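Mapping of the sequence shown onto our numbering: residues 8 to 693, in sequence order. Worksheet for the structure shown next.
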Amino acid sequence: MTTLATRLRGLLATGALLAIVAGLPLALLAIGASPIPASMPSVETIWSALSSQDDGTLALGFIKVLAWAAWAFLTLSISLELISRVRGIRVPRMPGLRLPQAAARALVSTAMLLFIAAPMSVQGAPPAAAVPAPTAMAPAVISTPNLAGGHNQTISTSTAGPSASAPDVARSTAKAETPPATVKHTVQRGETLWSIASDHLGAGHRYPEIAALNTDVLGHRPGFLKPGWVLNLPVDDQQGQHGEHTVTVHRGDTLWEIAQAELGDPSRYPEIFEASQATTQPGRAHLADPDVIDVGWTLTVPAATTSTRSSGPKPGKADPAKTRPAPAHRTRVPVESGEAYQSAGPNQNPEAATAVEDTPSAPWMLEGLTGAGTILAGSMLLLLRRRRRAQFRARRPGRTIAVPEPVLAPVEKTLTASGSRSAPTVELMDAILRRLAARQSTARQNMPHVAAVELIAGGLVLHLSQAQDLPAPWQGSEDRMRWGCPTGVDLDEVGPHEPDQPAPYPLLVTIGASDNDDAWLLNCEDLAAITITGDPTYGQDFARYLAAELACNPWSREVTVDCVGIAAEIAPMNSQRVRYHYGGSDLAAEVLTDAVATIDRVAALGHDVTTARAAQLGDDTWPSRLLMVDAAGTETPAMAQLLRLVDEHPGRTATCVVLVGDRAETPGVVVDVTAAGRVSGPHAGR
Numbered sequence: 008m009t010t011l012a013t014r015l016r017g018l019l020a021t022g023a024l025l026a027i028v029a030g031l032p033l034a035l036l037a038i039g040a041s042p043i044p045a046s047m048p049s050v051e052t053i054w055s056a057l058s059s060q061d062d063g064t065l066a067l068g069f070i071k072v073l074a075w076a077a078w079a080f081l082t083l084s085i086s087l088e089l090i091s092r093v094r095g096i097r098v099p100r101m102p103g104l105r106l107p108q109a110a111a112r113a114l115v116s117t118a119m120l121l122f123i124a125a126p127m128s129v130q131g132a133p134p135a136a137a138v139p140a141p142t143a144m145a146p147a148v149i150s151t152p153n154l155a156g157g158h159n160q161t162i163s164t165s166t167a168g169p170s171a172s173a174p175d176v177a178r179s180t181a182k183a184e185t186p187p188a189t190v191k192h193t194v195q196r197g198e199t200l201w202s203i204a205s206d207h208l209g210a211g212h213r214y215p216e217i218a219a220l221n222t223d224v225l226g227h228r229p230g231f232l233k234p235g236w237v238l239n240l241p242v243d244d245q246q247g248q249h250g251e252h253t254v255t256v257h258r259g260d261t262l263w264e265i266a267q268a269e270l271g272d273p274s275r276y277p278e279i280f281e282a283s284q285a286t287t288q289p290g291r292a293h294l295a296d297p298d299v300i301d302v303g304w305t306l307t308v309p310a311a312t313t314s315t316r317s318s319g320p321k322p323g324k325a326d327p328a329k330t331r332p333a334p335a336h337r338t339r340v341p342v343e344s345g346e347a348y349q350s351a352g353p354n355q356n357p358e359a360a361t362a363v364e365d366t367p368s369a370p371w372m373l374e375g376l377t378g379a380g381t382i383l384a385g386s387m388l389l390l391l392r393r394r395r396r397a398q399f400r401a402r403r404p405g406r407t408i409a410v411p412e413p414v415l416a417p418v419e420k421t422l423t424a425s426g427s428r429s430a431p432t433v434e435l436m437d438a439i440l441r442r443l444a445a446r447q448s449t450a451r452q453n454m455p456h457v458a459a460v461e462l463i464a465g466g467l468v469l470h471l472s473q474a475q476d477l478p479a480p481w482q483g484s485e486d487r488m489r490w491g492c493p494t495g496v497d498l499d500e501v502g503p504h505e506p507d508q509p510a511p512y513p514l515l516v517t518i519g520a521s522d523n524d525d526a527w528l529l530n531c532e533d534l535a536a537i538t539i540t541g542d543p544t545y546g547q548d549f550a551r552y553l554a555a556e557l558a559c560n561p562w563s564r565e566v567t568v569d570c571v572g573i574a575a576e577i578a579p580m581n582s583q584r585v586r587y588h589y590g591g592s593d594l595a596a597e598v599l600t601d602a603v604a605t606i607d608r609v610a611a612l613g614h615d616v617t618t619a620r621a622a623q624l625g626d627d628t629w630p631s632r633l634l635m636v637d638a639a640g641t642e643t644p645a646m647a648q649l650l651r652l653v654d655e656h657p658g659r660t661a662t663c664v665v666l667v668g669d670r671a672e673t674p675g676v677v678v679d680v681t682a683a684g685r686v687s688g689p690h691a692g693r
């Protein structure tokens, strides 16, 4: 539909609104149907009118009252709709006014087309040619347009070796004196130095060792801890050399996690199982099933001869001869696309584990939460832990929380096995990006335009859509389009810790894994419009996965996902973020209104959405919105206008539209999902 036709529809709707609000009362007054009588009737007059035969006067009076009541209801509904749209809040639902409110919503949404039918040109907005699409998308070959030159470029994320043009980022000079080896630990709610020492050093009375290493954080108050603080924990030289010992099962423990913490290798849990079968547990019970352990049980851990007992919260396989390097030792992070990171030794930082690390398969393992899906597994595990803590706080004294249904046992076991490996990576990436936002805001610098994030072994790489400089410890490529940060870096070097710092990129979602098992996350807010084509079954599954990540990712708490015709199963996972709509009014018009309001806000401030969100500019927050729609039935004027708007104003609408299925003449990026489960972008033309 042309812009002229869209404007005509908006004009007709505006005329209908004026006719209802102003024309209807004028018409009623013109025919003498005033709502205010000339005089108050007496009781005798009322009784006479009701008891005598009606000559039409009573019927006309009833029609007059009904007409004024209808006008009042419609005017009230329209006023509520307009006020809510102006203030940017949800329209309150009035009991008994569902039909008038639905009519008012449709009229107001259509009337808005009169004022926003043409794409708004914002002064100071960057030209479209200066914002190229991301140059890599895993796990297959990605073709993206070179907007500056007008030709498509094809980039493969599965190269066999390092890129020949990769810049060599110099290592920092090591300090002459190596300080004591430490690991990082983020303080959780309810923890004390005693409990931390008991969990990580094996004895609570060793808490002075932790206090001595953190005088800059604790000062002279070691008894006061604040959630979110990052403490340095000493590495016990005797760890990995101890003999057989016992551990006590705490709530939420599994043999897999205990083997990972005590032996450094979760796959060695059968050794703990065999060594503990003869131990008599409380209630004269014995360990007979490795999947069933109870709180308070005592388990026997055999001597760790080949692995070391880690002092970190989520350890990986460690080497006793290797310790975590001091903060001054900088690990080189490859920042050229396709370069493989080769580590000289085992992963020395538990939190720096590769996000797509192979998870041992088991009959109950859910494949969707393995491989590149471990990012979702880690986010789901973190969300599950928060909800479990909330359940324990809300339970009545002497009661326990409800036990999950048996059918959900494979899900929880998969989350524990797969998510426990990737949860530290999820938390670390979230912390690095938030601290980067805090640093850029403090320095009054713009946030980088991130198109994608690549998780490699030992670091993460930001792929930008516009060249920009970032401060140390970020290591950049020659073209300033890729910036890497090693996961072993001291977080205070990345930026300050601000408890209320918003996540700068709330629409980051995993697109897949490259052939060298590096996970790729796409910034949907930067792309704005995405069309998923190819195999219908795999395409719908891929769309559900995107919605599931947004429902669980810790950096997506301020995101609203509206689903129409797809991903209805995801809404119960997190109803505060994901909403499923069964049809009715044109949801695209509502999203279009919010996008236009965001464009006006960023135009007034002179910044893009990411920078305004990071610096918390303005009087309101900067939430993001994603509209996921089945492409069938999207040929509406509002949808066409919304797609043009978000495509022509990248980074300024805080909105992304995801269409599932083929749709002709759709702007933005086209993602093709093959029947083999491979994701590729054959074209991303406008």
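Note that beta-carbon positions come from the ideal geometry of N, C-alpha and C, so glycine has one too. Computed from a prediction, not measured in an experiment: that's the story for all the values here.
Proximity of the stretch 538-545 to the stretch 665-673 meets the contact definition, three or more beta-carbon pairs being nearer than 8 Å. Taking 4 residues as the shortest admissible run, the stretch 52-129 contains the following complete alpha helix (DSSP H) segments, listed from N- to C-terminal end: 64-94, 105-118, 120-123. Residue pairing for W490: DSSP places it in a beta bridge opposite L469, G483.
For K191, the uninterrupted beta strand (DSSP E) segment begins and ends at 189-193. Residue burial annotation: A292 is exposed, with fewer than 16 other C-beta atoms found within 10 angstroms of its C-beta.
In the three-state reduction of the DSSP assignment, M372 falls in the coil class. Note that the C-beta distance between N530 and L553 is not below 8 Å.
DSSP places A526 inside the beta strand (DSSP E), whose first and last residues are 526-530.
A direct Cα-Cα distance of roughly 7 Å separates T628 from R620.
In this chain, I43 is not harboured by any beta strand (DSSP E), its DSSP state being neither H nor E. Our two residues, A379 and S425, have alpha carbons roughly 11 Å apart in a direct line. R258 sits in coil when the DSSP states are folded into three classes, being neither helix nor strand. Residue pairing by DSSP places Y587 opposite C570 in a beta bridge.
Residue environment for G465: buried (at least 16 other C-beta atoms within 10 angstroms of its C-beta).
Taken through DSSP and simplified to helix, strand or coil, H504 comes out as coil.
A distance below 7 Å between beta-carbons, with the five flanking residues on each side excluded, links T600 to the following residues of its chain, in chain order: R92, M119. Counting along the chain, the unbroken beta strand (DSSP E) around T662 starts and ends at 662-667. R395 and A479 have their alpha carbons spaced roughly 38 Å apart.
As DSSP reads the structure, N523 sits in no beta bridge. Around the beta carbon of K233, a 10 Å sphere encloses fewer than 16 other beta carbons of the protein chains shown; the residue is thus reported as exposed. Its Cα nearest to that of H614, the residue M454 stands out among M454, R112, P32. Under the three-state reduction of DSSP output, S49 falls in the coil class, being neither helix nor strand. In the same chain as E216, and ignoring 5 residues on each side of it, the C-beta atoms closer than 8 Å to its own belong to A204, L208, P241, in chain order. Contact annotation: the stretch 269-285 touches the stretch 294-301, with at least three C-beta pairs closer than 8 Å. The way I'd put it, the stretch 552-567 does touch the stretch 372-389; three or more beta-carbon pairs between them come closer than 8 Å.
In the DSSP assignment, L240 is bridged to V190. Fully enclosed alpha helix (DSSP H) runs of no fewer than 4 residues occupy 276-283 of the stretch 276-303, in order along the chain. The beta carbons of P657 and V566 sit no closer together than 8 Å. Going by beta carbons, I577 and R608 fall outside the 8 Å limit. A residue is called buried when at least 16 other Cβ atoms come within 10 angstroms of its Cβ; P277 does not meet this threshold and is exposed. Excluding its 5 nearest sequence neighbours in each direction, V680 has C-beta neighbours in its own chain below 7 Å: I539, G541, D542, Y545, G546, F549, V686, listed in chain order. Comparing C-alpha distances from E198 to each of N221, T189, L220, W236 shows the shortest one belongs to W236. Two segments are said to touch when three or more pairs of C-beta atoms, one from each, lie closer than 8 Å; by this definition the stretch 503-510 does not touch the stretch 631-640. The Cβ atoms of A458 and L443 do not sit closer than 8 Å to each other. Per the coordinates, the alpha-carbon of D260 lies some 15 Å from the alpha-carbon of V410. Boundaries of the beta strand (DSSP E) around S631: 631-637.
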